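Number of protein chains: 2
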Amino acid sequence: MTLAERKRRLVADELARAALQLLAQKGFDAVTVDEIVAAAGVSKRTFFRYFASKEDVVIQFLADMGTTMRAELAARPAAESPSTALRHTVWVSIDACAGHTRQALPVVQLILGTPALLARFLERQAQWRDDLAAELATRLNLDPRADLYPHLAAGMALTAFGTVLQRWSASNGTEDPKALTDRAFTVIAPALDAVG
Amino acid sequence: MTLAERKRRLVADELARAALQLLAQKGFDAVTVDEIVAAAGVSKRTFFRYFASKEDVVIQFLADMGTTMRAELAARPAAESPSTALRHTVWVSIDACAGHTRQALPVVQLILGTPALLARFLERQAQWRDDLAAELATRLNLDPRADLYPHLAAGMALTAFGTVLQRWSASNGTEDPKALTDRAFTVIAPALDAVG
DNA sequence: GCCTGACATGACACTTAGTGTCAAGCAGTG
DNA sequence: CACTGCTTGACACTAAGTGTCATGTCAGGC
């Protein structure tokens, strides 16, 4: 990695660190971008060169998940049932959060507790859903234009994802995410695995 | 209704009419609030007395749906299976849109095609989901804190709702919403009606 | 070692969304 | 007529986000 690239990473990390610390502490609406950039020691203009919006600093923390999930689903063996493949797919993302509870829990709680952030988060999820649906259609040789199953199955999996995240967040990380994921998929599996 | 109340309705309607016409025609980001209020003949300050944000003018068009859905679910006979009750619940809202295709279709297409509007719309749906989950829990005598079913079932129903709306919108109102709703619920019913 | 091009930054001005405040207009009431 | 409550417009203000330009800094070629 070149020096310039390392410098960019450094600035982005410092900006994200300062932002998350302030936002989690004082609440999303009570912190201005000017405060964040003052804490990070850069100009406001630079902030918006790294993040498209104030929401983005928080949301980008979970940004990779979308591509991660699709890749994970694509990597599952073809013989696996949809419910099993999707359960593992969702679990990888949940685990990425729950595995770093100390850092991730406050962020998740901030997102779920802030309407503006929740809105952006759900918008991202909608994109993930389309990605997952496309992957599912490929996997099962279905026409995503004619068949409703891919979109619905992806939607159900993400509903499970959201519900687990919400429970985990509401319990302050107390509840076991693995168990929650399994319980959620037990509920939706009959629809995922029903013969079309 | 008193004169003052009728005047308020008049202003709100004119504002919404002017806004939707401009937004649908030129796109959400290409229209400023100043343009809207100029077209409606009121001050910018008045606009924000009627709508909390620019997004709200569009979203409020679908605002009632939330309460409508919960009321509709509460009104379904207790003996009905969850999938049947939820299918009717969702259908009432879909029909409220599809029944006024001329007015509703452009609005739905605007929402689904504008990230900022989609985000707000999904945020609303999240609230509906909690409402529906609470109603489902009551209906089935479940503890919504312990059991994942109510949230998941409500989420699946709203996934179906969103998928149907998306298909209907993408087909320019061509596809039959009733048939789409039935097909969607055929897919998710096995999970909704599985014994807990 | 010097020049040069690519790139990151800060400063500044600008647009737009959204809010607080206040004085003026207008209906209904005694 | 005087009083009260509600709606409105005008104005000033904060904060998010963008365009532009001059400056600085690192890389590789001469």
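Line order of the protein sequences matches chains A and B. Each step along the first sequence adds one to the number in our numbering, with nothing skipped, and position 121 is 121. Count along the second sequence from 1, add 1000, and you get the number used in our numbering. Note that CB positions come from ideal geometry on N, CA and C, so glycine has one too. For clarity, every value in this text was computed on a predicted model and none was experimentally measured.
Of the candidates B/1068, B/1070, B/1069 and B/1085, the residue whose Cα lies closest to the Cα of residue 1076 of chain B is B/1085.
Under the DSSP assignment, residue 60 of chain A falls outside any alpha helix (DSSP H); it carries neither an H nor an E label. Exclusion of the five residues before and after residue 46 of chain A leaves no residue of its chain whose Cβ lies closer than 6 angstroms to its Cβ. Taking the beta carbon of residue 115 of chain A as reference, the chain B residues within 8 angstroms of it are 1123, listed in sequence order.
With a cutoff of 8 angstroms on beta-carbon distance, residue 1139 of chain B and residue 1158 of chain B are scored as not near each other. At a cut-off of 8 angstroms, the C-beta of residue 58 of chain A has no neighbouring C-beta in chain B. At least 8 angstroms separates the beta-carbon of residue 1177 of chain B from that of residue 1187 of chain B.
Straight-line measurement puts the Cα of residue 52 of chain A at about 22 angstroms from the Cα of residue 106 of chain A. Proximity of the region 109-123 of chain A to the region 54-74 of chain A meets the contact definition, three or more beta-carbon pairs being nearer than 8 angstroms. Going by DSSP, residue 113 of chain A is part of the alpha helix (DSSP H) stretching over 101-113. For residue 1046 of chain B, the three-state secondary structure derived from DSSP is helix. Any Cβ of chain B closer than 8 angstroms to the Cβ of residue 155 of chain A would place that residue at the interface, and such an atom is present. Between residue 119 of chain A and residue 28 of chain A, the alpha-carbon positions lie close to 13 angstroms from each other. Around the beta carbon of residue 1093 of chain B, 16 or more other beta carbons lie within 10 angstroms, which makes this residue buried. Residue state for residue 1071 of chain B is assigned as helix, using DSSP reduced to three classes. Annotation: the continuous alpha helix (DSSP H) that includes residue 1155 of chain B extends over 1149-1170.
By alpha-carbon distance to residue 1012 of chain B, the top candidate from B/1193, B/1175, B/1088 and B/1049 is B/1049. In terms of beta-carbon proximity, residue 1090 of chain B stays away from the interface with chain A, with every pair separated by 8 angstroms or more. Between residue 1023 of chain B and residue 1033 of chain B the beta-carbon gap is near 11 angstroms, outside 8 angstroms, which marks them as no contact.
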